[in-house]
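Numbering (the numbering used here), first residue to last: 766 to 1280.
Note that beta-carbon positions come from the ideal geometry of N, C-alpha and C, so glycine has one too.
As the structure is a computational prediction, the values presented were derived from the model and not from experiment.
These notes are about the structure you will find just below.
In structure tokens:
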């Protein structure tokens, strides 16, 4: 396009930009006000977690990428896009579901999705397509990937152990615990390599957009950005263990901070960039778009588009506010003592003075009880946490509600069927300072046992959105018997002697709480 034609295009289309950008600023400001808690959660995660420090750079990078497209944008005329109101409302409802489930990832994805959808609704599909990569790149500022930590821990531990065995070093692997004659090593969550992988993938996505024009090159480079850090982190763990094996643990700790930390990550990133630069495509010539001659929208349609996005944005927060006002119904201040299994004796009924070193989470429950039973030198703890109804301050399934709080760490996860129960229990093996602990537990939702946190979460969401409240609980059996087979045998014997099924135990609590 000649300079004259470009000037005409800019002059014609620029008349619609000030008004469109003004409405866009208004809608984005409304999102920031209504979802400010979600924004603060994202920012807090960026600042507190090294895995997501890059989040503070995503928005500035996206704005720079949009600025690079300014000539093409100037030749386009912004036009309201009514179909984008549907994904805008869906984003608000997605935030609502995340709020009910206290799934911050869903809330943050819904918020970012709304920012993109409201841009399309206000500026139009042609404009959004012109800046599609910067808009989609905004999703990378959502802190995501924590669910991969257990898998990354297992991969890192397995990789390091495989290399140790290649060197004929005696090694034993138990979950994420690595034992050598020279010492014991734990592949902790911080050693899983999540921060390396996420930052590399984000960098690879950005580099692929800037350097490649062929889609298969972009896909291959992004895949390398995810796989290479995982392999590199396995080498990093192997190096730390070898240094500890040869020269002592203190040297390994110092090497981890000085050599194998972010300096190691920078080397891997530079290596990927060098590989990508070697195969980069030539930059295309400057792109501009032909000026559009579409007529301006009628005034009544403009005002309709002014109100409709507000309603679509607000649907989620308004409904969430109505749910917070649901009457909680009756609750329990304390749980009655469970009946002892045949042959077992209760050691104490006071959870605050029980002799067990195990301290489960679930501090937000309406009522909790940890009862210790003994028989023939064996000890089993029965733990129940009861929730009268779902609400932001008290949720059955959340990250903080776990059984491996410090000093315990989870080294195994499976399912196990107990006598007298039709639903297998979730089986966790924990390692602590004095040995291992076995935990079997269920969620009790809608009057039935559930052995999946996801299913329990979904059932609670449905109950809450339907106007609840409905009681729920977690029921856990635990023992420190060792080895794991002996622990399971102890818990099997305990469950076989229970006078009632686990679901009936909590059902009696719910009956006691009924008005």
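Could you spell out where the beta strand (DSSP E) holding residue i opens and where it closes?
| i | result |
| --- | --- |
| residue 1174 | 1174–1181 |
| residue 1298 | Past the edges of the chain, shown from 766 to 1280, lies residue 1298, and the structure says nothing about it. |
| residue 1250 | Note, residue 1250: premise wrong, no beta strand (DSSP E); alpha helix (DSSP H) at 1249–1261. |
| residue 1215 | 1213–1215 |
| residue 1194 | 1190–1197 |
Between residue i and residue j, is the Cβ-Cβ spacing less than 7 Å?
| i | j | result |
| --- | --- | --- |
| residue 823 | residue 905 | yes |
| residue 781 | residue 843 | yes |
| residue 1242 | residue 1147 | yes |
| residue 831 | residue 896 | yes |
| residue 909 | residue 870 | yes |
| residue 827 | residue 899 | yes |
| residue 799 | residue 1073 | no |
| residue 1162 | residue 1218 | yes |
| residue 1151 | residue 1128 | no |
| residue 914 | residue 926 | no |
| residue 1008 | residue 795 | no |
| residue 1345 | residue 858 | A question about residue 1345 goes unanswered here, because the residues of the chain that appear run from 766 up to 1280. |
| residue 1183 | residue 1193 | no |
| residue 1214 | residue 1176 | no |
| residue 1112 | residue 1145 | no |
| residue 960 | residue 810 | no |
Starting from residue i, follow the alpha helix (DSSP H) in both directions and report where the run begins and ends.
| i | result |
| --- | --- |
| residue 829 | 820–833 |
| residue 792 | 782–799 |
Taking only three categories from DSSP, how would you classify residue i?
| i | result |
| --- | --- |
| residue 1057 | Bear in mind that a pLDDT of 47 at residue 1057, under 50, signals an unreliable position, so the number given afterwards is only what the model happens to contain. Note: residue 1057 maps to coil in three-state DSSP. |
| residue 1052 | Any answer about residue 1052 is weak, because its pLDDT of 49 lies below 50 and its placement is not dependable; what the coordinates show is given next. In the structure shown, residue 1052 sits in coil (DSSP, three-state: anything other than H, G, I, E or B). |
| residue 979 | coil |
| residue 1231 | coil |
| residue 1010 | helix |
| residue 1156 | strand |
| residue 1167 | coil |
| residue 1108 | coil |
| residue 1295 | A question about residue 1295 goes unanswered here, because the residues of the chain that appear run from 766 up to 1280. |
| residue 991 | helix |
| residue 1043 | helix |
| residue 1225 | helix |
| residue 1124 | coil |
| residue 1200 | strand |
| residue 1064 | Caution is warranted here: a pLDDT of 44 is assigned to residue 1064, below 50, making its placement in the model unreliable, and no coordinate value can be reported. |
| residue 1130 | coil |
| residue 1103 | coil |
| residue 1087 | helix |
| residue 1161 | coil |
| residue 1081 | helix |
| residue 970 | helix |
| residue 1220 | helix |
| residue 816 | helix |
From the DSSP secondary-structure annotation, give me the bridge partner or partners of residue i.
| i | result |
| --- | --- |
| residue 1207 | 1240 |
| residue 1136 | 1147 |
| residue 950 | 943 |
| residue 1185 | In DSSP, residue 1185 forms no bridge with anything. |
Please find out if some non-hydrogen atom of the ligand FMN comes closer than 6 Å to the beta-carbon of residue i.
| i | result |
| --- | --- |
| residue 1078 | Among the ligands in the structure shown, none appear at all, so the ligand FMN cannot be discussed. |
Secondary structure, alpha helix (DSSP H): runs of 4+ residues fully inside the region 844–932: Entirely contained in the region 844–932, the alpha helix (DSSP H) runs reaching 4 residues are, in chain order, 850–866, 869–888, 890–895, 897–902 and 914–931.
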